[in-house]
Structures are given as structure tokens and as C-alpha cells.
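Engineer: Below: one structure in C-alpha cells.
Residue numbers (UniProt numbering), protein chains in the order written: chain A, 1 to 164; chain B, 1 to 499.
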């Protein structure tokens, strides 16, 4: 079995599992006492069944040789860049961890710096400065211009005053 | 003439200072994001959706349409100067455009793309104005059963007909349909697919999914395969087109617009097919002495035709969106959800109940087109400079905006987990060649289809045969079946004949 075929099989099984999870979730929808020609469970079951059928189809396609090796993107595709991928994921996780205790600007600044490093930038100090300006600018744009409520963190409270 | 009086009213509203301002802002923003590789109009409009809470509907839609048209103009700049198409519709443009740029003719290539976009955008917008009321007239005769069948047809064409594989396209669609189910069932009040998480009772937000698919997934995929290195931006030079350039561009513009618009109107959507058709057509039709420029030094016809086809198809997509409430591209789907956020039901009644909004919108499309050609020709140097933003900072910035757009929905970390989770799925979708647009379309159109189905079943008192006994719905279903199995049968037939 080729490498690409094995990963195709993985993707196919994922779809199949998604369909099974959907079927399970459709089954636990409480039956309604309300009268309806088509109840709340019918369509979820239909979609779950569709996903399971498609999953089986994809598994069959993968067992017959898979499809990835024909893809244009895969021809001469560079190796997995683990360094870039893990730095990027670290940036996303840092954001999730920091956004509640410290607010958006701090979290986004850390995320920006890590993502820029993931894509090969080495000017970390300069990136922190750019990140801070971009994040604060984005905050101002969304909160002041678009009227989105994001809540003020440490930095925002300092710059724009207390949340109001 | 409904169209002419409608347009007169539309221009009356569109030419106010505020609305002109929205159009200008939309065009500017649209061109900029069209130029930037990696982000497109769907993502931008999704991030701008909060504006629907504070700005009247007319202003917001003028802005969105400016972004939509602007992104088409900007996309060509990237494919010509960077040889990386910004969006699927400009893949063909980069074939000849980048070759022209390498031979020092980037300027005329950009100019013919911009003017061609203008010609096609204008033709396409005239098409919307005259075809729209006709389609509405027909659509008003349709009941819920026919509507449901029409949505099924739309599902089939956007997922199974276009793209590499029907199996993978349909899987994307069903993933979208599944996401659309999450939340409280509107008819019975039952929670569905919420896994007992209270944050999911309101459903999965469209903005979140769009941002996850188009920003997070894309960036993750780029990192996965990232190889360091600087991209070369080719110099623009003079944008003046010579007399021969004009002569060689004119008919390709017209033909491209003619091919593109019908393709956009059809529920198949997509801009790849008309641009490709236009390209092969121009290569066939051009004079023999110019034919050798194709694929070597770059032929101007190969930029003019496809670029016009691309824009006309984009305009055509607005016809089913405005008249039937059927989105056939991810961007149209997100605009549809903007209508919903104003409590406006898109569909045939839009032209009567929201006549002012619809005609102002169409008038603004004309205005946006003029603005864009004026904005693009002299400012092309500025747009080219946007391309020099280094990749690390560009992608880092995109993720900052992605995060704030999502976190702003409800200030919930659950949303961020969902954003990054769906983003990781989107990364694998890119890797395994599952198209992402059907996810967005399924997610937005799915709940509408379910509602139409249930209405139809209530009217027919539970009789499922209603879909095949009514002539129109049967006809639509047959077309859908033909679209699904037709290409396969044809392929099998061709193989048999060859054997």
C-alpha cells in the first residue's frame, strides 16, 4: 500500500466516523410531542445516512488505489514543514489560553509573533511591535467602527479607558 | 418597463453621498483583498457581517457588492504580477498574463484585464437588471415543493458537477448540511446535534465557519507545505495599451462577457469553466501570427477574454441569489446570510417587498464598475505594492483578523476551539482535495431546504409523492439526477466506444 493510499484511507474513515457520530446525535434528539409531518429527526438521519454512504464510497475508492497520487498539488509537493506547522498551532493555542485572562490585544500579539516566526521571519522584536499595532488597530476597527463587543483586556482598558 | 423605472429609482438612491461612500469603500477594500493572495471576498464579507447590526441594509449591501466586484478586479493583478492566482477564476488569467509580465508587458495585461472586467461587469449588470424581473415572474409560480427541488438541484450542481470528484464534492456538501443542523430546531424547539454543549444551542455561526475554512485552514495548509523563499513581484511598467492591443482585446472582451454571464446565472455557479472556455476559444479564433504568442510571450487575447468571462460570471451569480434566494458560490451564500440577519427573506418576493433595496443595489453595481476601472488603472502601482507585504506578516495579520472576527461573535472561547478545529479539518480538506465552497453553501441553504421540505409535506399532508407528481418539481428533480449521473454515463459510453 502506498503512503498516499494509506492517508486517503484515513480521510475516508474520518468521513465514515463523522457519519456515525451524526447518526448517534440524530438518535438522541428528543422525540417531540408536537405534531409534525416531518419531525426534527428525519433530516438529521437522512444527512447521517448520506455521510455514512459517502464514507463507504470513499473507503472503497481508497482501497482501489486512492486518489491523492493523481492530485496536481501532490506532484513534487515539499515535505511536511513540522517546524512551521507546530509554531502556527502554538500560536493558535496561545491565543486560546491568553484571550480570557489578558484580553484580545495581548493574545493576538503573541499569536501574531508566533505565526510570523512559523513562516520564517526572524525579526522577532520587530514583529512584536508590528503585532501590537496590528492587533490594537484591529480591536479599534471592530469595536469602534463595526460596533462589535469584544470586552476590554489589560491593554485595551489602558488605551481606550474602561469597558463601556 | 419595470427595469427602467426600477433603475431610475435605484440610481436616485445610489447616488447619495453616503451610498457613494459605501460603494467607494467597498471597491477599495475589495480590490485590496483581491490583490492579497490567500484571502477572498467570501472571507472579507464574513468578517464585515457585524456591520449589519449598525448600518442600514442598503449601505451594507452596497459595501458587500463593492467588495465582491472589487475582488474580481484585484484578483487579476495578483495572477499577472505574481503568477499565483488569487482566486479560482483567475487561474486562467495567470497563464498568459504572467507570461506577458515576464516579457515586460505587465502594464497592457493589467489594463486589458481592468477594462475587460469593466465591459463584462457592465454587460453582466445589465443582464441582472433585465433578467431579474423575468426570473422573479417565473419564480412566483413556485410552491415549497418546487423550491425544495430547486435547492436539491443547486446542491447537486455546486458539489457534484464542478470540481475533481462527485464523491468528494458531495462529502463537503453533507459536512456543510451537518453543520447547518446544529442548534435548536425552529419548528419544534428541540436541540439537535449540540452534544449537550449550551453554546451550540444557537447553532454554528456562519462567520466562524467561513473564517475557519478560508483563513485558518488555508494558512495551516500553507504552513504544512511551507518552503522559505521570496516571491518575485514583476514590474508593472506603463499601462498604456497600443492601438493593436485595443483591437486585439475588443472582441475577446465581448465574447468573454457573453460566455461568462450565462454560466454565472445557471445554478452550477463557478467561474472556472467559463474562463477556460473563453481561453480556448480565443486561442482558436485569433489570427495565426498571434497564435504563437499563446504560451510563449503571452497573448493579450488570453488575458482579455477569460478576465471578462470571470467578471460576467460573477455578476451572473447574483441573479439566482437575488431572484430565487439560491447561492451558487461561497460569497453569495454569505451575502444571503446577511439578508437573513436583516430579517429579509431572500427569494422572488425580494423584488417586490424590497424593491428599493434591490434596485439601489443593481444601480450601485454599475457605479462600482465605473469606480473600479478608475481606481484600478491609475492606482495599479499602489495595488502592486500591496503584493510586497512579506508572507510571514501577511498570514499572521490574516489570523489576527480571523480571531477577532470570530471572538467578537459571542466572546466565547468555545467559538475559538470550533474555529481552530474546523480550520484543521479545512487543512485536511485542502490536502485531500475536498472543495470548501459546498460546505458554506450546504450550511446556509440546508436549513432553508429543510424548511421548504417540511412546508411542502404539511401542505401535502405527509404525501411524499408531491415531489414527483407536480410537473415542475419533477422536471427539476430530473435535471438534478441528469446532472449527477449524466457525466458518468457519458464517460462510460465514451470508454465503451473507445474499447
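Quick reminder that beta carbons are idealized off the backbone N, C-alpha and C, glycines included.
Predicted model only: the values in this text are computed from it and were never measured.
May I ask you to list, following chain order, the residues of the stretch 374-408 of chain B that have a beta carbon less than 8 angstroms from some beta carbon of chain A?
Structural biologist: If the cut-off is 8 angstroms between Cβ atoms, the stretch 374-408 of chain B has 390, 391, 392, 393, 395, 396, 397, 399, 400, 401, 403, 404, 405, 407, 408 near chain A.
Engineer: Let me know if residue 48 (chain B) comes out buried or exposed under the rule of 16 or more other beta-carbons within 10 Å of its beta-carbon.
Structural biologist: It is buried - the Cβ of residue 48 (chain B) has at least 16 other Cβ atoms within 10 Å.
Engineer: Using a 10 Å radius around the Cβ and a threshold of 16 neighbouring Cβ atoms, would you call residue 378 (chain B) buried or exposed?
Structural biologist: With fewer than 16 other Cβ atoms within 10 Å, it is exposed.
Engineer: Using the three-state DSSP reduction, which class does residue 255 (chain B) fall into: helix, strand or coil?
Structural biologist: DSSP places residue 255 (chain B) in helix when its eight states are reduced to three.
Engineer: Decide yes or no for the touch test of the stretch 211-230 of chain B against the stretch 251-262 of chain B: beta carbon pairs closer than 8 angstroms, at least 3 of them.
Structural biologist: Cβ pair count under 8 angstroms is below three, so no.
Engineer: What residues in its chain sit with their C-beta under 7 angstroms from that of residue 164 (chain A), if we drop five residues either side in the sequence?
Structural biologist: Annotation note: pLDDT 44 at residue 164 (chain A) (below 50); position unreliable, coordinate value reported separately. Cβ within range, chain order: n/a, list empty.
Engineer: Among the residues of its own chain, which have a CB less than 8 angstroms from the CB of residue 415 (chain B), if the five just before and after it don't count?
Structural biologist: These residues qualify, in order along the chain: 199, 205, 208, 406, 407, 409.
Engineer: What is the DSSP secondary structure of residue 346 (chain B), counted as helix, strand or coil?
Structural biologist: Correct three-state label for residue 346 (chain B): coil.
Engineer: What residues in its chain sit with their C-beta under 7 angstroms from that of residue 132 (chain B), if we drop five residues either side in the sequence?
Structural biologist: Here the set comprises 319, 322, 323, 351.
Engineer: For residue 6 (chain A), count neighbouring Cβ atoms within 10 angstroms of its own Cβ and tell me buried if that reaches 16, exposed if not.
Structural biologist: Under this definition residue 6 (chain A) is an exposed residue.
Engineer: Hey, out of B:101, B:14, B:330, whose CA is closest to residue 214 (chain B)'s CA?
Structural biologist: The shortest Cα separation from residue 214 (chain B) among B:101, B:14, B:330 belongs to B:330.
Engineer: Once you ignore the five residues that flank residue 8 (chain B) on each side, which residues in its own chain have a CB closer than 6 angstroms to its CB?
Structural biologist: If we look at residue 8 (chain B) and ignore the five residues flanking it on each side, it has no Cβ neighbours.
Engineer: Interface residues of chain B around residue 155 (chain A) at Cβ under 9 angstroms?
Structural biologist: None at all; the shortest Cβ gap to chain B is about 14 angstroms.
Engineer: Measuring only between beta-carbons, confirm whether residue 202 (chain B) sits less than 9 angstroms from chain A.
Structural biologist: It does not; no Cβ of chain A falls within 9 angstroms.
Engineer: Using 9 angstroms as the threshold, is the C-beta distance between residue 178 (chain B) and residue 193 (chain B) below it?
Structural biologist: Their beta carbons are under 9 angstroms apart, which means residue 178 (chain B) touches residue 193 (chain B) by this criterion.
Engineer: Quick one: residues in its chain with C-beta nearer than 7 angstroms to the C-beta of residue 302 (chain B), no 5 flanking neighbours on either side, listed in chain order?
Structural biologist: So the qualifying residues of the chain are 95, 96, 279, 282, 283, 294.
Engineer: Give the residues of chain A in contact with residue 418 (chain B), contact being defined as C-beta atoms less than 7 angstroms apart.
Structural biologist: Those within 7 angstroms of residue 418 (chain B) in chain A number zero; the least Cβ separation is about 11 angstroms.
Engineer: Compute the Euclidean distance between the alpha carbons of residue 472 (chain B) and residue 190 (chain B), then round it to the nearest angstrom.
Structural biologist: The straight-line gap from Cα to Cα measures roughly 33 angstroms.
Engineer: Listing by chain order, which chain B residues have their CB less than 7 angstroms from the CB of residue 115 (chain A)?
Structural biologist: Ordered by position in chain B, the residues that pass the 7 angstroms Cβ test against residue 115 (chain A) are 395, 396, 399.
Engineer: Look at the alpha carbon of residue 396 (chain B) and the alpha carbon of residue 158 (chain A), and state the distance between them as a whole number of angstroms.
Structural biologist: Between residue 396 (chain B) and residue 158 (chain A), the C-alpha separation is close to 24 angstroms.
Engineer: List, in order along the chain, the chain B residues whose C-beta lies closer than 9 angstroms to that of residue 8 (chain A)?
Structural biologist: Under the 9 angstroms cutoff, chain B gives 432.
Engineer: Just list the residues that DSSP pairs residue 191 (chain B) with in beta bridges.
Structural biologist: Partner(s): B:184.
Engineer: For residue 465 (chain B) and residue 144 (chain B), what's the separation of their Cα atoms in angstroms?
Structural biologist: C-alpha separation (whole angstroms): 14 angstroms.
Engineer: If we ignore side chains and look at the alpha-carbon of each, how far apart do residue 50 (chain A) and residue 172 (chain B) end up?
Structural biologist: About 11 angstroms.
Engineer: Look at the Cβ atom of residue 92 (chain B), then the Cβ atom of residue 275 (chain B), and state whether they are nearer than 9 angstroms.
Structural biologist: Contact: yes.
Engineer: Within 9 angstroms of any Cβ in chain A, is that where the Cβ of residue 473 (chain B) sits?
Structural biologist: Closer than 9 angstroms: no.
Engineer: Is there a Cβ of chain A sitting closer than 9 angstroms to that of residue 251 (chain B), yes or no?
Structural biologist: No, no contact with chain A.
Engineer: Show which residues of chain B have a CB atom less than 8 angstroms away from the CB atom of residue 20 (chain A).
Structural biologist: Going along chain B, no residue has its Cβ under 8 angstroms from residue 20 (chain A), so there is no contact; the nearest lies around 12 angstroms.
Engineer: Residue 397 (chain B) lies in the alpha helix (DSSP H); which residues open and close that run?
Structural biologist: 391-410 is the extent of the alpha helix (DSSP H) around residue 397 (chain B).
Engineer: To be precise: take each residue of the stretch 45-63 of chain B, compare its Cβ to all Cβ atoms of chain A, and keep it if any distance is under 8 angstroms. Which residues remain?
Structural biologist: Correct list: 48, 50, 51, 53, 54.
Engineer: How about residue 53 (chain B) and residue 337 (chain B): do their beta carbons lie closer than 9 angstroms?
Structural biologist: No.
Engineer: Please list, in chain order, the chain B residues whose beta carbon lies closer than 9 angstroms to that of residue 111 (chain A).
Structural biologist: Residues of chain B passing the Cβ test: 396, 399, 400, 403.
Engineer: Thinking C-alpha only, which one of B:355, B:210, B:152 is nearest residue 419 (chain B)?
Structural biologist: Here the closest residue by C-alpha is B:210.
Engineer: Tell whether a beta-carbon distance below 9 angstroms holds between residue 32 (chain B) and residue 80 (chain B).
Structural biologist: Not a contact, by the Cβ cut-off of 9 angstroms.
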